[in-house]
Every structure is written in C-alpha cells, then in structure tokens.
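Asks:
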Amino acid sequence: MTYRFILFEVTQGVAKITLNRAEVLNSIHAAMSGELQDALTRATRDSETRTLLITGAGRGFCAGQDLDEVRPGSSVKDFAAHARKVYTPLVKGLRTIAKPIVCAVNGVAAGAGANLALACDLVLAAEEASFVQAFAKIGLVPDTGGSFFLPRLVGLARATALTMLGEKISATQAAEIGLIHRACPAATLLEDATKLATHLATQPTFGLGLTKQLLNASLVNDLDAQLELEAELQGAAGRSADYAEGVAAFLAKRKPSFTGR
Ligand code: T3D
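Residues in the sequence shown are numbered from 187 upward in steps of one, following this note's numbering.
(1) Taking the CB atoms as reference points, tell me whether Ala379 and Ala243 lie closer together than 8 Å.
(2) Take Val340 and list the residues in its own chain whose beta-carbon comes closer than 7 Å to its own, dropping the five residues that flank it on each side.
(3) Enumerate, from N- to C-terminal direction, the unbroken alpha helix (DSSP H) stretches of 4 or more residues contained entirely within the stretch 247-301.
(4) Considering only residues of the same chain and omitting the five flanking positions on each side of Gln389, which have a CB-CB separation below 7 Å?
(5) Please classify Ile324 as buried or exposed, where buried requires at least 16 neighbouring CB atoms within 10 angstroms.
(6) Looking only at its own chain, which residues have a Cβ that is under 7 Å from the Cβ of Gly220, when we skip the five neighbours before and after it?
(7) Please indicate yes or no: does the CB of Ile324 lie closer than 7 Å to some heavy atom of the ligand HEM?
(8) Which residue comes first and which comes last in the alpha helix (DSSP H) that contains His237?
(9) To test your reading of the DSSP string, which unbroken beta strand (DSSP E) runs of 3 or more residues are found completely within the stretch 330-403?
(10) Which of helix, strand or coil does DSSP assign to Ala320?
(11) Over the uninterrupted alpha helix (DSSP H) stretch that includes Val196, give me the two end residues.
(12) Go ahead and pull the three-state DSSP assignment for Leu226.
(13) Would the beta-carbon of Thr237 fall within 8 Å of that of Val277?
(14) State yes or no: is the beta carbon of Ser443 nearer than 8 Å to at least one beta carbon in chain B?
(15) Could you check what DSSP says for Leu308 in three-state terms: helix, strand or coil?
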C-alpha cells in the first residue's frame, strides 16, 4: 500500500510511523486509519522491525477523529460501525503486536488521538504537549480503548474527571499521575524517543512480546490465571535463543547480543 497520510520508515530495527496531516493536527479519518492498520501489519510481519515508534508531524500529535468526516449530514451515519472499522483495529493492533511500541507525543493529543497514545507501551511527551479527553465536549463517549485503559492507568476518580470534564492536562501532569512514562523537553523528544526505541530494538524481542502479552492479560485476569500464564510464558521464554545468550553473556561477564528470537 502507498501511504498518503502517514510516513513509514525502518531504521536500525525501529519502524517509525509519523501521522502526517499536520494542517488538521493529524486528526484521523478512515483512509488514514486504513494506512495505520496496514503499517501495523507490515511492522508485525517485518522480521527486521523489533520496535515501533509513533509520532506526529507538525505542532500536534493527533486531534482524534477528523470532525469534518463525521459532520452531521456526512456519509458517516453509523458511529458504531465507524468506530469498529476505524478505531477498534488500531487499538487491537497496538496491544497485540509482539514488539514494544514507543509513542512520542509531540503536541496536543485529543479524543481518539490521546487514547491511541495510551494504547502504546511507553509514552514520552514533550513538556508542551497536552492530553484531552475531548469526547464529552461534543456529546460523544470515550472510545479507542480510553474507557478501558484510563481507569486502569490513573484510577476511577481521575478517569471520571478526565472524561467527564474534558479538561486538558499537561504532559508533566500526565507523567505525575501515571498516565504516561515521562515528559521531556520538546527539543529532545524525538531524540529521546528514538534512543529508547533503538535500545529496545537490541533487546530480547521475543521475551518483550511475551511480557506485553502478560501485562495485557493482567488487566482482566485473576491471580490464579495470571500465575498460570506467567508459568506458561516463562516456559516459552526459557526455550528462546535470547535466554541462552543472556545467561551465557552473564556467566562470561560480557554484554549480551540478542537476536530477538
Ligand atoms: O464514529 C466515531 O467513532 C466517532 C469517533 C470519535 C473519536 C474522537 O476522537 S471524538 C473527538 C474528536 N476530537 C475533538 O473533538 C478535538 C477537536 N479539536 C480541538 O478541540 C482543538 O483543535 C485542539 C484542542 C485539539 C487543539 O486546539 P488548538 O487551538 O491548538 O488548534 P485549532 O486551531 O483548534 O486547530 C488547528 C486546525 O486543526 C484547525 O483548522 P484551521 O482553522 O487551521 O483550518 C482545526 O479546525 C483543525 N482541527 C483540529 N482538530 C480537528 C481539526 N479538524 C478536523 N478534526 C479535528 N478533530
């Protein structure tokens, strides 16, 4: 697929996806979502890609749904069908890809744009960036996984305030309440995020994928089920080439060289 609304490049094991509709703060329409879904599949299948990095072009990260596409009277009549087609596959793709995803939030992240960031594994944001659950301001409800991840990330009271009041919070506040991994100066955001993603791309990718699977399951499992899954996935990790390399390197007092398998 040729991309018109995103950029995609793989460097040093990192697939960088840039949302690229800067003039509308990278708001998402169906065609852009289709490209993102394709890029996620591509990054999943590409054996060279061991980490993903998602960011936005221009001054915004993503302003959520392109409101022009869904304006009253537009061809989008059924919002449920639209959400299933445009947002559900993105969240499922981000959460199930067995590779770590770093998100560099370069500016405002609103509505589905904020929740897209929260579905990534490690979220860095420029200190000037902000997060806003904009849905209530236009009579909609949180989607793109927001109603699932927000209470789990920051607790019910904060999730309620964020979604019902729709107030903007800064990246620094977001880091303080545990919504994101960390806030960094705008000048170094992309460099910091690239460094992190490139580091992750040298790590035991297979094991990190299993770790992601465990963390996903922990959001819904009880303790017995989680302990059983840990045992099962530890079995798989213990059979990996990276485990053999990790232990050999430790015993030989040298740096490990992980292949991701
Ligand atoms: O069916 C379904 O599944 C529905 C799904 C819904 C999921 C959702 O995401 S609902 C939430 C949709 N998003 C919003 O409601 C946010 C709308 N945008 C804003 O509130 C503000 O733009 C921001 C707070 C994000 C940023 O404000 P500011 O002052 O920094 O920028 P601005 O001037 O408002 O926006 C700059 C331009 O981007 C502007 O265009 P212009 O005037 O320069 O030609 C603005 O219209 C455009 N823009 C911003 N957000 C959107 C947008 N255009 C289309 N859709 C947008 N969401």
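Backbone N, C-alpha and C fix where the C-beta goes; we use that ideal spot for every residue, glycine too.
Replies: Once the coordinates are examined:
(1) For Ala379 and Ala243, no; Cβs fall outside 8 Å.
(2) The beta carbon of Val340 sits closer than 7 Å to the beta carbons of Ile363, Gly364 and Leu365 from its chain, once the five residues preceding and following it are set aside; these are given in chain order.
(3) Counting whole runs of 4 or more residues, the stretch 247-301 contains the alpha helix (DSSP H) stretches 265-272 and 274-282.
(4) Result list for Gln389: Phe444, in chain order.
(5) Classification of Ile324: exposed, given that the 10 Å Cβ count is below 16.
(6) Excluding positions up to five away in sequence, the list is empty.
(7) No copy of the ligand HEM occurs in the structure displayed; its ligands are the ligand T3D alone.
(8) First, the amino acid is wrong: residue 237 is Thr here, not His. Element bounds for Thr237: not the alpha helix (DSSP H) but the beta strand (DSSP E), Thr237 to Gly242.
(9) List check, beta strand (DSSP E) in window: 368-370.
(10) Three-state result, Ala320: helix.
(11) Not the alpha helix (DSSP H): Val196 falls in the beta strand (DSSP E), residues Ile192 to Thr197.
(12) Of the three classes helix, strand and coil, the one that applies to Leu226 here is helix, per DSSP.
(13) In this structure, Thr237 lies away from Val277, with their beta-carbon atoms at least 8 Å apart.
(14) Absent from the structure: chain B. Only one protein chain is present.
(15) Reduced to three states, the DSSP call for Leu308 is strand.
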